[in-house]
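Residue numbers (numbering that gives the first Met the number 0), protein chains in the order written: chain A, 0 to 96; chain B, 0 to 459.
We put the beta carbon where it would ideally sit given N, CA and C, even for glycine.
Read through the structure below, which is laid out as structure tokens, and then see the notes.
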Amino acid sequence: MRSQADITRGMPVTIEVDGQMIDSFSGETLLAALVAAGHMRLRNDQEGQPRGFWCNMGTCSECFVSRLDVTPVRRIRACLITVEDGMRIATRSISYD
Amino acid sequence: MTNSIHHYDVAIIGGGPAGQAAALVLDQNGARIAVIDEQQRPGGQILRQPPQEFAMAQSMKGKSYTSLKSQLRAFEALNRCDWIGGKSVIGIDRSGGTVDLTLASGDGITQVSANRLLIASGCYDLPIPIPGWTLPGAMGAGGLQALVKAQAVVPDGRVLLAGTHPLMLIVATQVIAAGGTVAEVAFDQRQSFLARLLIKGAGTALRNFGLMLDAASAWATLRRAGVPVTFGQRLSVIEGLNRVSSARIGKRTVHCDAVGLCYGFLPQSDLPRLAGLSVRWAQPTGGWAAEHDGWMRSSVSQIFVAGETSGVAGAPAALLEGQIAGAGIALDLGLIPMDEAEAIRRDAARKQIRVSRFAALLDRIADPTSALTALRDANTILCRCEDVTIGAVETALIQDSDPNSVKLVTRCGMGTCQGRGCEHMLLRLAAHKRGVGPNELRGFTSRFPVRPTRIGDLIG
Chain A
0 MRSQADITRG MPVTIEVDGQ MIDSFSGETL LAALVAAGHM RLRNDQEGQP
50 RGFWCNMGTC SECFVSRLDV TPVRRIRACL ITVEDGMRIA TRSISYD
Chain B
0 MTNSIHHYDV AIIGGGPAGQ AAALVLDQNG ARIAVIDEQQ RPGGQILRQP
50 PQEFAMAQSM KGKSYTSLKS QLRAFEALNR CDWIGGKSVI GIDRSGGTVD
100 LTLASGDGIT QVSANRLLIA SGCYDLPIPI PGWTLPGAMG AGGLQALVKA
150 QAVVPDGRVL LAGTHPLMLI VATQVIAAGG TVAEVAFDQR QSFLARLLIK
200 GAGTALRNFG LMLDAASAWA TLRRAGVPVT FGQRLSVIEG LNRVSSARIG
250 KRTVHCDAVG LCYGFLPQSD LPRLAGLSVR WAQPTGGWAA EHDGWMRSSV
300 SQIFVAGETS GVAGAPAALL EGQIAGAGIA LDLGLIPMDE AEAIRRDAAR
350 KQIRVSRFAA LLDRIADPTS ALTALRDANT ILCRCEDVTI GAVETALIQD
400 SDPNSVKLVT RCGMGTCQGR GCEHMLLRLA AHKRGVGPNE LRGFTSRFPV
450 RPTRIGDLIG
């Protein structure tokens, strides 16, 4: 949920996450956009159990997602990356095969 | 790799209170400085700033923030100092006579070289392997706070804060101010234990009235909002299917959609250990703090440390250490006469006495030892990267109680986080097995690159 208390955000930005369009704002971190969209599950562990982010400061590696709109595809920590219009992201919580 | 290597007098890793303080002293004495941080903007975690595109009126109220904010403004006004934001330092190399840093970001690899290095890389939430802590929605309280104060985003639904550290009172009020809902703030400790420590340390607490006032006003805010603040009932399990849906506090079930775990903070120690700095086990919260002399010189020449890297003591202490490190580096580089450096050091050292007493009081209050001792659930994942359970580690410890052997056998600590999540608990378990303190054990070996990096970037 985005706070509405005394705040002006940046320009609207739309990103694609696991094939779904998500509204975001310029300046937001990818992780903040995911949390605001209720997208808490970022990967599955070896037993298929759901995982979410833990530290939100670049140390735990739980928020690794793939950025598909760049070549080669990059794995990035969602908490350290700022959203960009047209960004296409695949979390590791769904299977593509 | 890029061929252009920028050279500086001083490279500072970390744009928090310690790094800023050092930069201000060094800039005043004519040093060419680069400050490198994983975050886009300066501030560190304590003053993690909203994006430039945002305007937030309520950003970081509270008395304890005042002097930190004025320092941040002064730092941002420096015009000779290069700010290198959004980049992770992944390697330190001193073989060429200078201190050469390898930096990684989404754009690839760059290099920075300097005559002196200050490591002021801060701290992170103590990872607490409680059953259910891997569920989406369970997070470090510092991570939650950063989401709220720098991004103005709150997890949906009811947020539970649980642990031992009083910071959670402040995080809870920040969640409420942002329009979120706090289910409860649950302290492990009994109220009588906290009262006894506060009375014993009353003088210290009163002399640090800024922080105490913030905590007291946080408590009043929570009371007005009808948020229960409970004591003496420990969080034992976090439950949920696809994400957090409830938690057990003592004998009660608390319905919640997110949990912020607040048991204290560990120094970021991978860069100090990579560079071979001598470190000590940081009691009582754990982790490795870099050792230093009275000028914040580490055990390795050319490298200084300041702030939580040298032991978690809070932002005011970090700021003072940064000032001393700045003076120490300026002295080392011959930029400042001894008497001037000594004056800066003496002034900061005098103020340190007060803040370090408060940090020691906070350490005693927030001590996570008994919570961690209670957490020995064999099925709970300890190493989140490699899915290694506490039970698997305990089984391996029966054969061999050397932490690095257990790492090899179980893969605990061999994942992308390099053990930042699990090392402290593995060391505690190994120490318990041997009947010694964790300080008597050898921790994990820190390896290049200390942050996950694309192989193609390194060889390209």
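Examine chain B for any beta-carbon lying closer than 8 Å to the beta-carbon of residue i, and answer yes or no.
i	result
A:D96	Confidence is the limiting factor: at A:D96 the pLDDT is only 35, short of 50, which leaves the residue's position unreliable, though a coordinate-based value still follows. No, A:D96 lies away from the interface with chain B (no Cβ there is under 8 Å from its Cβ).
A:R17	The amino acid occupying residue 17 of chain A in the given sequence is Asp; Arg does not appear at that position. Cβ-Cβ to chain B under 8 Å: no for A:D17.
A:D5	yes
A:I80	yes
A:I75	yes
A:N64	What sits at residue 64 of chain A in the sequence shown is Val, not Asn. With 8 Å as the cut-off, A:V64 does not count as an interface residue toward chain B.
A:P49	yes
A:T85	The sequence given here places Gly at residue 85 of chain A; Thr does not occur at that position. No, no contact with chain B.
Excluding sequence positions up to five away, which residues of its chain have a Cβ less than 6 Å from the Cβ of residue i?
i	result
B:P126	G420
B:A391	T409
B:I28	Sequence inspection shows Asn at residue 28 of chain B; the Ile mentioned does not correspond to that position. Excluding residues within five positions, the ones whose Cβ falls inside 6 Å are A329, L334 and I335.
B:V354	P315 and A316
B:A326	V24, A340, I343 and R344
B:A359	none
Between residue i and chain A, is any beta-carbon pair separated by less than 8 Å?
i	result
B:N241	yes
B:M532	Given that chain B is displayed from residue 0 to residue 459, the structure contains no residue 532 of chain B and the question cannot be resolved.
B:C384	yes
B:Q44	yes
B:G136	yes
B:A217	no
B:Y123	yes
B:R195	no
B:M0	Confidence at B:M0 is low in this model, with a pLDDT of 41, below 50, so the placement of that residue is unreliable and no value is reported for it.
B:G313	no
B:V152	yes
Report all residues from its chain with a CB closer than 7 Å to the CB of residue i; omit the five preceding and five following residues, and keep chain order.
i	result
B:P16	G43, I45, L67, Q70, G306, A314, A317, L318 and G321
A:A35	M0 and R1
A:G85	D68
A:D96	The predicted position of A:D96 is uncertain, since its pLDDT is 35 and thus under 50; no value can be drawn from it.
A:W53	C59 and E61
A:G47	none
A:P108	In the structure as shown, chain A starts at 0 and stops at 96, and residue 108 of chain A therefore has no counterpart that could be examined.
B:L428	V392, E393 and L396
Near residue i, what residues of its chain come up, given a Cβ to Cβ distance below 8 Å and the 5 sequence neighbours on each side ignored?
i	result
B:T1	Low local confidence applies: a pLDDT of 45 at B:T1 is under 50, so the model's placement there is unreliable, with the coordinate-based value given in what follows. Hits under 8 Å: G107, I108, T109 and Q110.
B:A145	Q44 and R47
B:G96	none
Between the Cα of residue i and those of the options, spot the shortest distance and give me the residue it belongs to.
i	options	result
B:D8	B:R93, B:G239, B:G293 and B:V98	B:V98
B:F264	B:T308, B:G275 and B:L210	B:T308
B:N403	B:L23, B:S445 and B:V449	B:S445
A:R74	B:V258, B:A103 and B:F53	B:A103
B:V170	B:D155, B:Q188 and B:G141	B:G141
B:S277	B:L23, B:G442 and B:R453	B:G442
B:G85	A:I88, A:R87 and A:R76	A:R76
B:P437	B:R375, B:A359, B:G310 and B:R279	B:R279
B:L197	B:T394, B:R356 and B:D338	B:R356
B:W132	B:N378, B:R453, B:P165 and B:T394	B:N378
B:G18	B:D155, B:H6, B:N114 and B:G121	B:G121
B:D155	A:A32, A:V72 and A:P71	A:A32
B:I397	B:A119, B:D366, B:H431 and B:G412	B:H431
A:P49	A:R40, A:E27 and A:N55	A:R40
B:A21	B:L361, B:S63, B:S400 and B:A347	B:A347
Entirely enclosed alpha helix (DSSP H) segments - the segment 58 to 82 of chain A, minimum 4 residues | none
Should the segment 66 to 78 of chain B be called in touch with the segment 81 to 94 of chain A, which here means at least 3 C-beta pairs below 8 Å?
-> no
Three CB pairs or more closer than 8 Å across the segment 230 to 246 of chain B and the segment 153 to 164 of chain B = yes
Are the segment 282 to 289 of chain B and the segment 179 to 189 of chain B touching, with three or more C-beta to C-beta distances below 8 Å?
-> no
Mind pulling the alpha helix (DSSP H) runs of 4 or more residues that sit fully within the segment 240 to 300 of chain B?
-> 269 to 273
Continuous beta strand (DSSP E) assignments of at least 3 residues falling wholly in the segment 152 to 229 of chain B = 157 to 162 and 180 to 186
Stretch pair the segment 50 to 67 of chain A + the segment 416 to 430 of chain B: three plus CB contacts closer than 8 Å | yes
Three or more C-beta pairs below 8 Å linking the segment 373 to 388 of chain B and the segment 121 to 138 of chain B | yes
Runs of beta strand (DSSP E) wholly within the segment 71 to 140 of chain B (minimum 3 residues, chain order) = 81 to 84, 87 to 92, 98 to 104, 107 to 118, 122 to 124 and 137 to 139
Contact between the segment 187 to 204 of chain B and the segment 213 to 231 of chain B (3+ Cβ pairs under 8 Å) | When C-beta atoms of the segment 187 to 204 of chain B are compared with those of the segment 213 to 231 of chain B, three or more pairs fall below 8 Å, so the two segments count as touching.
Complete runs of the beta strand (DSSP E) confined to the segment 350 to 435 of chain B [at least 3 residues] | Every beta strand (DSSP E) stretch that sits fully inside the segment 350 to 435 of chain B and reaches 3 residues is listed by chain position as 380 to 382.
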